[in-house]
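Peer 1:
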Amino acid sequence: MNLTWTDEQNALRSSAERFLAERYIAAMRAAPGSAWEALAQLGWLGLPISSAYGGADGSLLDVTLLTEAMGRQRVTEPYVSAVVLTAGLIEACGSEAQKTALLPGIVEGSCRIAFAHEEGVDPLLGYLGVTASPGHRLSGRKLVVLDAATATHGFLVTANAGRGAGVFHVAPSAAGLQIETYPSVDGRSAANLILDNTPAERLGDVRDRAEDIVRAIDCAVAAQCADMVGAMHAALDATVAYAKVRQQFGRPIGANQVIKHRLVEMAIRGEEARSSALLAAIRCSDGSDAATRSRAVSSAKVKVAKAARAVTEDAVHIHGAMGVTEELDVGGYLQRSIAFEAVLGTVKQHRARYASLASVSVS
Amino acid sequence: MRLALTADERTFRDEVRAFLADNVTPDLVRAQNLTPSVFAEPEITLPWQRKLHAKGWVAPLWPKEHGGPGWTPTQVYIFESECARAEAPRLSPLGVRMVGPVIIGFGSPAQKAHYLPRILSGEDYWCQGYSEPGAGSDLASLSTRAGRDGDHYIVNGSKIWTTHAHHANRMFALLRTSEGARKQDGISFFLIDMTSPGITVRPIKTIGGDHEVNQVFFDDVRVPAANLVGSEGSGWSYGKYLLEFERGSGISALRLRASLDRARQAALKFSADDDDIARRLADISIDIDSLEMTELRVLSNLESGQNPGHISSLVKLRMSEITQAITVVAMEALGPHALAMEPARPLYGLNHAPAVDEEALPVVARYLDSRAFTIFGGTSEVQREILAKAMLGL
């Protein structure tokens with residue numbers, strides 16, 4: 001047992017934190033995709049991708065070092081959807097030709113693909129209403145397609161392919177494809193896709209890809225959990241700093257026990273969330289069996305989501321009326337936590353999956 | 001980052017597991033599970049302690065030279081987790097986990113030679129003289145006085161919430177030896193023979209119906225000066241050192257998981273298919289996952305030579321809250337069966353048929369007794385004050 005980061009990992013964490021703190025400006029946050037080239041130059045886009053396709057062979061634990069730093073600065077780049085979800089699925093399911101065609105572009109930053117899976121039912125259960133005909137034509141409706149507006153090379157669409165689930169690549173201009181894009185609560189965008197006999201290319205052979213899909217979602221949720229850990233710690237830091245300087249009744253508001261203890265509760269939730277997110281990331285990186293991995297991920301999703309909501313709500317509250325305005329950053333962290341809760345399985349859905357998987361202890 | 005055990009660690013785990021399988025008898029497990037109070041009776045724990053003593057495993061955290069097993073922090077964790085899994089009785093922490101480390105750290109050679117072997121063997125059974133009727137969270141305002149008289153100190157006053165004082169033959173106590181400008185500086189740490197003339201023990205029954213705590217009165221009790229630990233006036237710092245051990249040596253999640261599993265089994269019997277109970281059981285389990293990882297992070301820091309520091313306060317806070325949450329859901333799962341209250345003790349030795357099934361028997365009393373978790377060892381509010389300073393600089 002060893003829960004220390006390597007020197008290399010610590011270096012990656014501090015360079016990511018430094019880069020984003022110094023270079024990621026508000027204008028970039030308002031224009032998702034605008035910092036993508038910079039992330040490519042840093043080598044972040046290839047981090048979890050195999051070196052055979054130009055990547056760095058990193059683990060999901062390495063990825064969480066970056067996503068935590070991104071959460072701290074409320075980065076709106078489609079990193080989790082384009083690098084963790086779709087690149088991960090291409091690597092897991094794609095044929096050699098498909099991997100060679102798509103992955104190097106993802107690593108270089110010229111190719112972003114969005115992930116279309118949710119349909120309004122529990123996305124963790126494996127039910128798929130979108131169907132694929134034997135000729136690889138897709139019909140049905142997908143919801144909550146994250147970062148659709150910034151995708152350059154279309155979508156990976158999960159579909160019921162008769163015998164099991166398949167993952168299909170759909171071009172943005174494909175016939176019969178309608179894209180309804182909408183802004184999301186955290187300053188990004190999402191979309192609904194309507195597919196009507198839409199031509200698609202299946203990734204890899206006809207094998208059932210249900211476990212690959214669940215694994216990709218688990219890795220994405222683990223990466224997002226780290227993002228939220230970064231976000232809630234940033235909100236906490238800002239709130240503690242504010243409570244030390246904001247004077248009312250002739251003293252800093254942080255001198256009042258009622259505020260002080262609320263801040264401590266936020267800090268404890270931050271530590272708890274960090275522990276749960278770490279467990280999820282380790283289980284996505286250490287070759288654990290699917291049940292152990294999914295249970296750790298669902299445990300983290302529930303714990304982190306509850307903590308993030310509580311911490312960011314309190315951050316808004318302790319900032320007083322200013323906290324409810326766009327003039328401060330803290331509200332942005334609350335918005336980010338709402339987006340986190342809503343996608344890739346809600347708290348309720350993850351709790352149900354957690355309860356359905358047998359209890360095992362961490363060690 | 002690695003959670004998996006090494007081959008050596010797995011071998012060690014198998015050795016511990018085999019020992020527990022041979023020695024943790026169903027009677028012991030039943031007695032432990034039918035104990036609603038925080039501490040099990042010595043008639044359960046002492047026979048178990050003697051088995052561990054024969055193996056050299058009583059005091060996992062003690063250095064080898066004083067009779068500890070010389071384990072790494074990971075080995076200690078493995079041992080504790082296997083004990084939790086096997087539902088082995090929990091030894092009283094007062095000797096092994098609390099006064100032991102103080103004697104090892106600050107005691108004289110004579111004190112070490114006399115007391116440490118008797119702690120390990122269970123020959124001495126300890127209680128703690130800290131709180132007083134007028135000194136709870138503000139412990140430093142304690143007023144039980146030890147006045148010097150030649151080779152002795154004369155002790156007068158009263159201690160309260162003294163767990164198992166009615167079983168103990170020894171007490172470690174914080175006593176006032178001087179009235180200085182700073183009240184902490186007038187406190188000293190003593191080892192007291194409970195059979196000394198002038199000591200009386202008054203039982204206090206808890207709302208769960210258990211006799212676990214007491215009030216202890218001192219009326220001109222003569223304590224040899226040789227029983228002062230360290231120097232006069234240093235007791236406060238030793239006491240704080242000890243409280244860090246009381247607040248959790250960093251290993252509680254696996255015991256909580258075992259209690260949750262028990263509560264889940266009972267809930268399945270009394271409230272099967274209840275979605276609200278199921279949701280709360282899942283949330284508590286998720287809280288335990290997080291606490292376990294926090295404890296493992298502390299352990300990993302210990303392995304690399306760092307201090308756990310304020311994390312013991314964080315763990316104590318959450319451990320006590322989770323403990324209470326388990327008792328609440330267990331009680332609510334009983335539904336109308338929560339009305340029955342068995343007054344006789346011990347529950348594992350009743351000589352009449354109880355009104356409810358055995359799974360339900362300790363549940364309400366345990367809920368009531370467990371309200372103490374957020375109070376003893378420093379209340380949750382005291383822990384938050386410590387954390388505000390240590391984590392946030394407030």
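Top line first, the protein sequences correspond to chains A and B.
FYI, the numbering for the first sequence is 1 to 363, going by the numbering used here.
FYI, the numbering for the second sequence is 1 to 394, going by the numbering used here.
Built from N, CA and C at the ideal position, the CB exists for glycine as well.
#1: Only counting the same chain, and skipping five residues up and downstream in sequence, which positions put a Cβ closer than 6 Å to that of V16 of chain B?
#2: Which residue's Cα is closest to the Cα of V229 of chain B: B:A146, B:S188 and B:K389?
#3: Keeping to the same chain, check which residues put their C-beta closer than 8 Å to that of G129 of chain A; ignore five residues upstream and five downstream.
#4: Using beta carbons (cut-off 8 Å, strictly below), is M1 of chain A in contact with chain B?
#5: Can you tell me whether Q306 of chain B is buried or exposed, with buried defined as 16 or more other CB within 10 angstroms of its CB?
#6: Can you grab the Cα-Cα spacing for the pair L89 of chain A / F340 of chain A, in whole Å?
#7: So that I know if they touch, is there some Cβ in chain A lying closer than 8 Å to that of A267 of chain B?
#8: In chain B, what lies closer than 8 Å to D329 of chain A by C-beta?
#9: With a 10 Å radius around its C-beta and 16 neighbouring C-beta atoms as the bar for buried, classify S14 of chain A as buried or exposed.
#10: For S337 of chain A, would you say it is in contact with chain B, using Cβ-to-Cβ distances shorter than 8 Å as the test?
#11: Between D286 of chain A and chain B, is there a C-beta pair that is closer than 8 Å?
#12: Report the option in B:L34, B:K55, B:T45 and B:A4 whose CA atom is closest to the CA atom of A18 of chain B.
#13: Report the rounded CA-to-CA distance for G147 of chain B versus P252 of chain A, giving the unit in angstroms.
#14: So which residues on chain A does A325 of chain B lean against when the C-beta distance must stay under 9 Å?
#15: Using C-beta distances below 8 Å, list every residue in its chain close to S363 of chain A, excluding the 5 sequence neighbours before and after it, in chain order.
#16: Which two residues bound the contiguous alpha helix (DSSP H) that contains P73 of chain B?
#17: By the 10 Å Cβ neighbour count, where 16 or more other Cβ atoms means buried, how is R202 of chain B classified, buried or exposed?
#18: Please check if any C-beta of chain A sits within less than 8 Å of the C-beta of S188 of chain B.
#19: Can you grab the Cα-Cα spacing for the pair S108 of chain B / T195 of chain B, in whole Å?
#20: Please go through the same chain and pick out, in chain order, the residues whose beta-carbon is closer than 7 Å to the beta-carbon of G85 of chain A, but skip the five residues on each side of it.
#21: Along chain A, in chain order, which residues have C-beta atoms closer than 9 Å to that of T374 of chain B?
#22: Work out the CA separation of T45 of chain B and Y364 of chain A for me, nearest whole Å.
#23: Give a yes or no on contact between the segment 170 to 177 of chain A and the segment 227 to 242 of chain A, applying the rule of three or more CB pairs nearer than 8 Å.
#24: Return no unless some Cβ of chain B is closer than 8 Å to the Cβ of T387 of chain A.
#25: Comparing C-alpha positions only, which one of A:A175, A:H153, A:R262 and A:A21 sits nearest to E381 of chain B?
#26: How big is the Cα-Cα spacing for T323 of chain B and L281 of chain B?
#27: Of the residues B:I277, B:F218, B:R297 and B:G70, which one's Cα is nearest the Cα of A325 of chain B?
#28: At 9 Å on the CB atoms, spell out the chain B contacts of V302 of chain A, in chain order.
#29: State the start and end residues of the unbroken beta strand (DSSP E) segment that holds S312 of chain B.
#30: Using the beta-carbon of each residue, which ones in chain B are nearer than 9 Å to I318 of chain A?
#31: Report the residue from B:R170, B:G349 and B:A21 whose alpha carbon sits nearest the alpha carbon of E43 of chain B.
#32: Nearest-angstrom Cα distance between G122 of chain B and R50 of chain B?
#33: Scan the segment 319 to 345 of chain B for residues whose Cβ lies nearer than 8 Å to a Cβ of chain A and list them as they occur along the chain.
#34: Spell out whether any CB of chain B is found under 8 Å from the CB atom of H233 of chain A.
#35: For A360 of chain B, tell me which candidate among B:V155, B:T374, B:L34 and B:P26 has the shortest Cα-Cα distance.
#36: Report, in whole angstroms, the separation of the C-beta atoms of H164 of chain B and S92 of chain B, which I expect to be a contact under 8 Å.
Peer 2: Let's see:
#1: Position 16 of the second sequence, counted from the start, is the residue given in the question as residue 16 of chain B. Once the five neighbours on either side are set aside, the close Cβ partners of V16 of chain B are F79 and E82.
#2: Your numbering for residue 229 of chain B matches position 229 in the second sequence. The shortest Cα separation from V229 of chain B among B:A146, B:S188 and B:K389 belongs to B:S188.
#3: Start at 1 with the first residue of the first sequence, and residue 129 of chain A comes out as number 129. Answer for G129 of chain A: E119, V121, G140, R141 and N160, listed in chain order.
#4: Counting from one through the first sequence, the residue named residue 1 of chain A turns up at place 1. Judged by the 8 Å Cβ criterion, M1 of chain A is in contact with chain B.
#5: Here residue 306 of chain B refers to the residue found at position 306 when the second sequence is read from its first residue. So Q306 of chain B ends up on the exposed side.
#6: Translated into positions along the first sequence, residue 89 of chain A becomes position 89. Translated into positions along the first sequence, residue 340 of chain A becomes position 340. Whole-angstrom Cα-Cα distance: 21 Å.
#7: As a working note, residue 267 of chain B is residue 267 in the second sequence. By this cut-off, A267 of chain B is not an interface position.
#8: As a position in the first sequence, residue 329 of chain A is number 329, starting the count at 1. Within 8 Å Cβ-Cβ: nothing; D329 of chain A doesn't reach chain B, min ~19 Å.
#9: Position 14 of the first sequence, counting from 1, holds the residue named residue 14 of chain A. When all chains shown are included, S14 of chain A counts as exposed.
#10: Translated into the one-based positions of the first sequence, residue 337 of chain A becomes position 337. No - not a single Cβ of chain B is within 8 Å of the one on S337 of chain A.
#11: Here residue 286 of chain A refers to the residue found at position 286 when the first sequence is read from its first residue. Taking Cβ atoms only, chain B reaches closer than 8 Å to D286 of chain A, which makes this a yes.
#12: As a position in the second sequence, residue 18 of chain B is number 18, starting the count at 1. The residue with the shortest Cα to Cα distance from A18 of chain B is B:K55.
#13: On the second sequence, position 147 is the one that residue 147 of chain B refers to. On the first sequence, position 252 is the one that residue 252 of chain A refers to. When rounded, the distance between both Cα atoms is 44 Å.
#14: As a working mapping, residue 325 of chain B is identified with position 325 in the second sequence. By Cβ distance, chain A contributes nothing, its closest Cβ being about 14 Å from A325 of chain B, past 9 Å.
#15: To locate residue 363 of chain A, count along the first sequence from 1; it is residue 363. With a pLDDT of 46 at S363 of chain A, under the threshold of 50, the modelled position of this residue cannot be trusted, and the question is left open.
#16: On the second sequence, residue 73 of chain B is found 73 positions in, with the first residue counted as 1. Per DSSP, P73 of chain B belongs to the alpha helix (DSSP H) from P73 to R85.
#17: Locating residue 202 of chain B in the second sequence gives position 202, where the first residue counts as 1. That one is exposed.
#18: Translated into the one-based positions of the second sequence, residue 188 of chain B becomes position 188. Not an interface residue.
#19: Here residue 108 of chain B is taken as the residue at index 108 of the second sequence, counted from 1. Here residue 195 of chain B is taken as the residue at index 195 of the second sequence, counted from 1. Cα to Cα, S108 of chain B sits roughly 22 Å from T195 of chain B.
#20: Indexing the first sequence from 1 puts residue 85 of chain A at position 85. It is worth fixing the name first, because residue 85 of chain A is Leu in this sequence and not Gly. Excluding sequence neighbours, L85 of chain A sits near F115, A216 and A220.
#21: Residue numbering aside, residue 374 of chain B sits at position 374 when the second sequence is read from its first letter. Here the premise fails: no neighbours, minimum Cβ distance about 13 Å.
#22: Residue numbering for chain A in the displayed model covers 1 to 363; residue 364 of chain A lies beyond these limits and cannot be assessed.
#23: no
#24: No statement about residue 387 of chain A is possible, as the shown extent of chain A runs from 1 to 363 and does not include it.
#25: Here residue 381 of chain B is taken as the residue at index 381 of the second sequence, counted from 1. Checking every option, the nearest Cα to that of E381 of chain B belongs to A:R262.
#26: The residue labelled residue 323 of chain B in the question sits at position 323 within the second sequence. The residue labelled residue 281 of chain B in the question sits at position 281 within the second sequence. The alpha-carbon atoms of T323 of chain B and L281 of chain B are separated by roughly 12 Å.
#27: Counting from 1 along the second sequence, the entry for residue 325 of chain B is found at position 325. Residue B:I277 is the option with its Cα nearest to A325 of chain B.
#28: As a working mapping, residue 302 of chain A is identified with position 302 in the first sequence. The contacting residues are A282, D283 and I286.
#29: On the second sequence, residue 312 of chain B is found 312 positions in, with the first residue counted as 1. Taken as a continuous stretch (DSSP letters only), S312 of chain B belongs to no beta strand (DSSP E), being part of the alpha helix (DSSP H) at I311 to A333.
#30: The count along the first sequence starts at 1 and reaches residue 318 of chain A at position 318. Residues of chain B passing the Cβ test: none, with the nearest at roughly 12 Å.
#31: The residue labelled residue 43 of chain B in the question sits at position 43 within the second sequence. Minimum Cα distance to E43 of chain B is reached at B:G349.
#32: Locating residue 122 of chain B in the second sequence gives position 122, where the first residue counts as 1. Locating residue 50 of chain B in the second sequence gives position 50, where the first residue counts as 1. Distance between the alpha carbons of G122 of chain B and R50 of chain B is about 7 Å.
#33: none
#34: Position 233 of the first sequence holds residue 233 of chain A. Not one chain B Cβ lies under 8 Å of H233 of chain A.
#35: Residue 360 of chain B sits at position 360 when you count from the first residue of the second sequence. Closest by alpha carbon: B:L34.
#36: Walking along the second sequence from the start, residue 164 of chain B turns up at place 164. Walking along the second sequence from the start, residue 92 of chain B turns up at place 92. Contact flag correct, Cβ pair sits at about 7 Å.
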